[in-house]
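Engineer: My structure is below; once you've seen it, I'll send some questions.
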Amino acid sequence: MADDTHLYGLMAEFTSSDALVSAAERVHQEGYTRIDALTPMPVHGLAEAMGYDDRRIQKMILAGGLTGAAFGLGLQLHVNLIGWNLNLGGVYLSGYPLNIGGRPLVSLPAFIVPAFETTILFAAITAVVGTLALCGFPQPYHPVFNVKRFRERGAVDGLFLCVEAEDPKFDAARTRDLLQGLGARGVYDVEP
Amino acid sequence: MSSPHPSAPPTIPVLGPGHNYASITDKISDIVLQFRAPIRWFLGFIVGFSLLQGLLLAIYMLLFKGVGVWGINIPVGWGFDIINFVWWIGIGHAGTLISAILLLFRQQWRTSINRAAEAMTLFAVACALLFPIFHTGRPWLAAYWLLPYPNTMGVWPQFRSPLIWDVFAVSTYGTVSALFWFTGLIPDLATMRDRAKSKAGQFIYGALAMGWRGSARHWQIYETAYLILAGLSTPLVLSVHTVVSFDFAVALLPGWHATIFPPYFVAGAIYSGFAMVLTLLIPMRSIYGLQDMITLRHLDNMAKVTLVTGLIVFYGYMMEAFFGWYSANEFERYMIYNRTTGPYWYMYWTLILCNGVMPQLLWFRKIRMNPVILFCISIVVNIGMWLERFVIIVTSLHRDFLPSSWGMYQGSRYDWSFYLGTMGLFLTLFYLFIRVLPMIAIFEMRMLLGGKPADKEAAH
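Heads up: the sequence lines are chains A and B, in that order. Position one of the first sequence corresponds to residue 5 (this note's numbering), numbered consecutively onward. Position one of the second sequence corresponds to residue 15 (this note's numbering), numbered consecutively onward.
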């Protein structure tokens, strides 16, 4: 076990995405929890094979869109309804009600367009910022890049499965045997 | 899926034969990472960069002297600025259509053209935005004329005005297009980071890729977010040109006040946008030898979309004429009469030739499969769509209700210099884009190959 202490984990390379998915599934079934697969393109079913089912981003985007709708509509109602002066510490929030040919101050059909646009805008910004946040980006350093083979092929055609040493079931020798038994074409140490 | 008709021509694959993950990656990333650009790249860039100088001159003169240097006057107070704004915004729409709507419809052929088309969208929106910003004459004040922000004067925009809707629609469109484009780039920036030879390249691409490593957990989040972004962009892009058409349709002017405007403007936007994608990509695939990635199948499909949207646009022209006659309104009738036979008759009939007659050639497969003819047709379509906006805007304005207020309009030399200058800006940005970023989405091309990263590379 002393050998494990300086390792971040082990990384195995596979030659097809089917092999990678079945290997990931197998390692997951063996009871490993701190595993990750690294591929140059999305492989459908891979995250699910490792038991990952992350649905937070959908909810975040929905919340962002609803916030945008409330903001867009609220802004227009505020501007058209608040006739008095509102000075919040130098920030003037008074509205500017305009009577245009006797039309109602709250002209909802006309307010649809800006409210729709802010809905989309807030939802889209949430989608991108939320994705980066959930992925932990920007991330200047990650141990997987210490593997030379991954640096060379990881963004081209390499399909990798990484088991972290932090995993309670991790044992350098036995995990290596397991990965090799699953048909890996190479198993590499990942320096921390 | 229905089986093809026995006499149907064979389907061309969306990716040429003999490719594997490594060859795709090399081919696309080498365009950027190899040191020398082809001589034809320099020629294109020089043309764009020269035209760009005209834009700088026009902006200088405008800021120095005011909007009087433009040809606008009463009765035509909206001239080249709105014509060119609508023209550029329309061109941008094809990029979003290709990247978002075709993604939702799972059209695989979008894969090799979506990146370049999205870049085209961004640059077209940038060019379009110059017109409303600079038509204010004092763009440094435009912020509080256009955007709602709490100010000491207590003044806010008028939210019942289509012009303010336009500000919201176009600024949202520009922002979302940039976000969508950047999100799509992240995995490819990681590829560029790992393949760059120079320290500076590794650092810049590395910083932009933000540590992307292709983790399956990240892909799961990423793909969901990307699909939802596509779903958000789809109603957005339809709303943008609808709102642009409201700029006219909400007014009471004959020639503008028409309920057909929103669908007809959206179709026109897609029509001109696909033409611009063809104008850009046909030379590009030849300069960089990308015929096996941007295949004749892509050109064929884009030509078909151009044909269909062109027919919708032509239907719009016919309906405008029909409404003018059927309205039994003196001013509506005169508007159509003046458009077709008045002092700008040649504009109208050239427009019908460009957008009504020429696209009919695209019914023929031989023409859709011929890049040179297709390129020529795409230029004709671009000209036609510019004429369409000229005809709608100028011929409706120049002779309105009172003959005593009639007048004529033509662009001044600074109008032309500004307009050609935005083309220079567009070309310059596009040529720089293909020099520094992968112009085809590498990771999506890998997905076209399925799960076997080939075998040549993996074997050694």
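For every residue, glycine included, the Cβ atom is placed at its ideal position computed from N, Cα and C. Because the structure is a prediction, the values reported are computed rather than measured.
Once DSSP output is grouped into helix, strand and coil, what is the label at A:F164?
Structural biologist: As a working mapping, residue 164 of chain A is identified with position 160 in the first sequence. Note: A:F164 maps to strand in three-state DSSP.
Engineer: Put B:I454 into one of helix, strand or coil per three-state DSSP.
Structural biologist: Start at 1 with the first residue of the second sequence, and residue 454 of chain B comes out as number 440. It is coil, neither helix nor strand.
Engineer: Say whether chain A places a C-beta atom closer than 8 Å to the C-beta of B:L29.
Structural biologist: Translated into the one-based positions of the second sequence, residue 29 of chain B becomes position 15. So, not an interface residue.
Engineer: Examine chain A for any beta-carbon lying closer than 8 Å to the beta-carbon of B:W270, and answer yes or no.
Structural biologist: For the purposes of this step, residue 270 of chain B is taken as the residue at position 256 of the second sequence. Judged by the 8 Å Cβ criterion, B:W270 is not in contact with chain A.
Engineer: How big is the Cα-Cα spacing for A:A188 and A:L163?
Structural biologist: Start at 1 with the first residue of the first sequence, and residue 188 of chain A comes out as number 184. Start at 1 with the first residue of the first sequence, and residue 163 of chain A comes out as number 159. Taking the straight line joining both Cα atoms gives about 10 Å.
Engineer: Grab me the residues of A:G190's own chain with a C-beta within less than 8 Å of its C-beta, minus the 5 sequence neighbours each way, in chain order.
Structural biologist: Taking the first residue of the first sequence as 1, we reach residue 190 of chain A at position 186. Hits under 8 Å: A16, E17, R153.
Engineer: Check distances from the C-beta atoms of the region 141 to 153 of chain A to those of chain B and list, in chain order, the residues that come in under 9 Å.
Structural biologist: F141, P142, Q143, P144, Y145, H146, V148, F149
Engineer: Let me make sure I understand the geometry here. Which of B:R460, B:L462, B:I456, B:L463 has the alpha-carbon closest to that of B:I200?
Structural biologist: The residue labelled residue 200 of chain B in the question sits at position 186 within the second sequence. For the residues B:R460, B:L462, B:I456, B:L463, the minimum Cα distance to B:I200 belongs to B:I456.
Engineer: Quick one: is B:A131 buried, meaning 16 or more other Cβ sit within 10 Å of its Cβ, or exposed?
Structural biologist: The sequence position of residue 131 of chain B within the second sequence is 117, counting from 1. By the 10 Å Cβ count, B:A131 comes out buried.
Engineer: Let's test the definition: count the other Cβ atoms within 10 Å of the Cβ of B:G324 and tell me whether it reaches 16, buried, or not, exposed.
Structural biologist: Counting from one through the second sequence, the residue named residue 324 of chain B turns up at place 310. Result: buried.
Engineer: A:R101: buried (16+ other C-beta within 10 angstroms of its C-beta) or exposed?
Structural biologist: Along the first sequence, one-based indexing puts residue 101 of chain A at 97. The sequence given here has Pro at residue 101 of chain A, not Arg. That one is exposed.
Engineer: Does any C-beta atom of chain B lie closer than 8 Å to the C-beta of A:A51?
Structural biologist: Against the first sequence, residue 51 of chain A aligns to sequence position 47. Yes, contact with chain B.
Engineer: I need the straight-line Cα distance from B:M461 to A:M45, nearest angstrom please.
Structural biologist: As a position in the second sequence, residue 461 of chain B is number 447, starting the count at 1. As a position in the first sequence, residue 45 of chain A is number 41, starting the count at 1. The straight-line gap from Cα to Cα measures roughly 6 Å.
Engineer: Quick check: what's the CA-CA separation for B:Y445 versus B:Y433?
Structural biologist: Taking the second sequence and counting its residues from 1, one reaches residue 445 of chain B at position 431. Taking the second sequence and counting its residues from 1, one reaches residue 433 of chain B at position 419. Taking the straight line from one Cα to the other gives about 19 Å.
Engineer: Should A:A128 be counted as a contact of the ligand ZN given a C-beta to heavy atom distance under 7 Å?
Structural biologist: What this structure holds is no ligand at all, so the ligand ZN is not there to describe.
Engineer: Below 7 Å on C-beta distance, what does B:I308 contact in chain A?
Structural biologist: Numbered from 1 along the second sequence, position 294 holds the residue referred to as residue 308 of chain B. What B:I308 touches in chain A: nothing, since even the nearest Cβ is about 19 Å away.
Engineer: Within the 8 Å Cβ cut-off, does B:M461 reach chain A?
Structural biologist: Here residue 461 of chain B is taken as the residue at index 447 of the second sequence, counted from 1. By this cut-off, B:M461 is an interface position.
Engineer: State yes or no: is the C-beta of B:L304 within less than 8 Å of the C-beta of B:S392?
Structural biologist: Sequence index remark: in the second sequence, residue 304 of chain B carries index 290 (1-based). Sequence index remark: in the second sequence, residue 392 of chain B carries index 378 (1-based). Not a contact, by the Cβ cut-off of 8 Å.
Engineer: Using a C-beta cutoff of 8 Å, does B:H33 count as contacting chain A?
Structural biologist: Translated into the one-based positions of the second sequence, residue 33 of chain B becomes position 19. False, the Cβ-Cβ gap to chain A never drops below 8 Å.
Engineer: Do you know how far the Cα of B:I284 is from the Cα of B:G370?
Structural biologist: Reading the second sequence from its first residue, position 356 is the one you call residue 370 of chain B. Reading the second sequence from its first residue, position 270 is the one you call residue 284 of chain B. If you take the alpha carbons of B:G370 and B:I284, they lie about 15 Å apart.
Engineer: Can you find a CB in chain B that lies within less than 8 Å of the CB of A:F115?
Structural biologist: Locating residue 115 of chain A in the first sequence gives position 111, counting from the first residue. Chain B, which has a Cβ nearer than 8 Å to the Cβ of A:F115, makes this yes.
Engineer: Let me know the secondary structure DSSP gives B:D414 once reduced to three states.
Structural biologist: Taking the second sequence and counting its residues from 1, one reaches residue 414 of chain B at position 400. Here B:D414 sits in coil by DSSP.
Engineer: What are the residues that DSSP puts in a beta bridge with A:S26?
Structural biologist: Position 22 of the first sequence, counted from the first residue, corresponds to residue 26 of chain A. A:S26 pairs with nothing; no bridge assigned.
Engineer: Please name the residue, chosen from A:R180, A:H10, A:A51, A:L14, that lies closest to A:D22 on a Cα-to-Cα basis.
Structural biologist: Mapped onto the first sequence, residue 22 of chain A falls at position 18. Nearest of A:R180, A:H10, A:A51, A:L14 to A:D22, Cα basis: A:A51.
Engineer: Under 8 Å: do the region 218 to 230 of chain B and the region 156 to 171 of chain B share three or more Cβ pairs, one atom per stretch?
Structural biologist: At 8 Å Cβ cutoff, the stretches do not touch.
Engineer: Using only the alpha-carbon positions, how far apart do B:L29 and A:T135 sit?
Structural biologist: By 1-based counting over the second sequence, the position of residue 29 of chain B is 15. By 1-based counting over the first sequence, the position of residue 135 of chain A is 131. Each residue's alpha carbon lies about 30 Å from the other.
Engineer: Measure the C-alpha to C-alpha separation of B:V264 and B:Q122 and round it to an integer number of angstroms.
Structural biologist: Taking the first residue of the second sequence as position 1, residue 264 of chain B is located at position 250. Taking the first residue of the second sequence as position 1, residue 122 of chain B is located at position 108. Their backbone Cα atoms lie some 39 Å apart in a straight line.
Engineer: What are the residues in the region 11 to 42 of chain A lying within 7 Å of chain B by C-beta distance?
Structural biologist: T19, S20, S21, D22, D40, A41, L42
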